[in-house]
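Engineer: Taken in order, the sequence shown gives residues 41 to 233; the numbers are from my numbering. Glycine is no exception: its CB is placed at the ideal position from the N, C-alpha and C atoms. Dropping the structure in here first, questions after.
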Amino acid sequence: MDCFDCVKKVMMERRSHRFYLDKEVEREKIEELLELAMWAPSAMNRQQWYFVVVSGEKLKELQETIEKSFDYILGRLERFFKETPKVIALTKQFFKTLGNAPVMIFAYYTPTGDDYSDVQSVSAAIQNMLLAAHAMGLGTCWMTGPVHVEDEINSFLGVEGKKLVAVITLGYPAKTPPVPPRRDNDKKVKWLL
41 MDCFDCVKKV
51 MMERRSHRFY
61 LDKEVEREKI
71 EELLELAMWA
81 PSAMNRQQWY
91 FVVVSGEKLK
101 ELQETIEKSF
111 DYILGRLERF
121 FKETPKVIAL
131 TKQFFKTLGN
141 APVMIFAYYT
151 PTGDDYSDVQ
161 SVSAAIQNML
171 LAAHAMGLGT
181 CWMTGPVHVE
191 DEINSFLGVE
201 GKKLVAVITL
211 GYPAKTPPVP
221 PRRDNDKKVK
231 WLL
């Protein structure tokens with residue numbers, strides 16, 4: 041398999057995982073994952089990302105705060121999944137248990153005065169992280185709900201002067217999520233040639 045085929049395979053097979061095995065993630069893998077995340081492009085090459093890795097007892101202490109953030113996204117879930125209430129129930133359960141994830145990575149940016157570009161830069165780093173994790177046999181889930189309780193999270197983590205973009209759960213997958221349907225890609229691209 042050539043390089044392009046490998047990249048394509050990782051991109052097409054990566055899924056959001058919400059169930060993890062009771063197995064620790066090796067620190068070396070987390071370090072490599074973060075290193076690869078930081079090879080992402082960034083606006084004006086400012087590389088303004090900042091990550092906090094939490095596991096063990098500290099993660100257990102944060103679970104209640106993360107669970108509270110579900111209330112902030114409930115309205116959107118009800119709007120988007122009114123026909124499938126099971127999705128809402130499963131999401132609520134995930135926010136409560138974090139799917140047994142042994143690690144969470146809190147992705148921040150150091151404000152530069154250009155929030156739009158700063159968020160995009162960190163998002164590119166997160167995507168690198170998700171793809172690298174999948175290639176390593178790890179599962180992830182990109183969570184944005186916790187940004188609604190950012191002040192509590194920052195206080196707990198001792199983070200100041202940074203903005204939370206997302207929280208990523210990380211661990212060995214306990215299940216293989218199904219392939220989600222693609223939404224009519226023909227209507228998502230316009231060609232002007």
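Report yes or no: do three or more beta-carbon pairs, one from the region 114-130 and one from the region 202-219, lie closer than 8 Å?
Structural biologist: Because the criterion of three Cβ pairs below 8 Å is not met, the region 114-130 and the region 202-219 do not touch.
Engineer: Could you name the residues of the same chain whose beta carbon sits closer than 7 Å to that of Thr137, not counting the 5 residues immediately before and after it, in chain order?
Structural biologist: Nothing meets the Cβ criterion.
Engineer: Can you list, in chain order, the residues of its chain with a C-beta nearer than 6 Å to that of Val127? Leave out the 5 residues immediately preceding and following it.
Structural biologist: Closer than 6 Å at Cβ, skipping near neighbours: Phe121.
Engineer: For Lys203, report the span of its alpha helix (DSSP H) as first-last.
Structural biologist: No alpha helix (DSSP H) contains Lys203, which is instead part of the beta strand (DSSP E) from 203-211.
Engineer: To the nearest whole angstrom, what separates the beta carbons of Ala172 and Leu76, a pair I think is in contact under 8 Å?
Structural biologist: Their Cβ separation, rounded to whole angstroms, is 4 Å, which keeps Ala172 and Leu76 in contact under 8 Å.
Engineer: DSSP beta-bridge partners for Cys181?
Structural biologist: DSSP lists Thr209 as partners of Cys181.
Engineer: With DSSP run on the structure shown, which of helix, strand or coil describes Ala165?
Structural biologist: Residue state, collapsed to three classes: helix.
Engineer: For the alpha helix (DSSP H) that contains Ser195, what are its first and last residues?
Structural biologist: Where Ser195 is concerned, the enclosing alpha helix (DSSP H) stretches over 190-197.
Engineer: Let me confirm a value: Tyr148 is counted as buried when at least 16 other C-beta atoms fall within 10 Å, else exposed. Which label applies?
Structural biologist: Classification of Tyr148: buried, given that the 10 Å Cβ count is 16 or more.
Engineer: When we look at the beta-carbon of Lys107 and count the other beta-carbons within 10 Å, is it buried (16 or more) or exposed?
Structural biologist: Contrary to the premise, residue 107 reads as Glu rather than Lys in this sequence. It is buried - the Cβ of Glu107 has at least 16 other Cβ atoms within 10 Å.
Engineer: Mind the definition here: the region 80-95 touches the region 153-172 only if three or more C-beta pairs lie below 8 Å; say whether that holds.
Structural biologist: Touching, per the Cβ criterion.
Engineer: Span of the alpha helix (DSSP H) holding Met144?
Structural biologist: Here Met144 belongs to no alpha helix (DSSP H); instead the beta strand (DSSP E) covers 143-149.
Engineer: Buried or exposed: Ser195, going by 16 or more other Cβ atoms within 10 Å of its Cβ?
Structural biologist: Ser195 is exposed by the Cβ-count criterion.
Engineer: Short of 8 Å in beta carbon distance, which residues of its chain neighbour Glu53, apart from the five on each side in sequence? Order them along the chain.
Structural biologist: Result list for Glu53: His174, in chain order.
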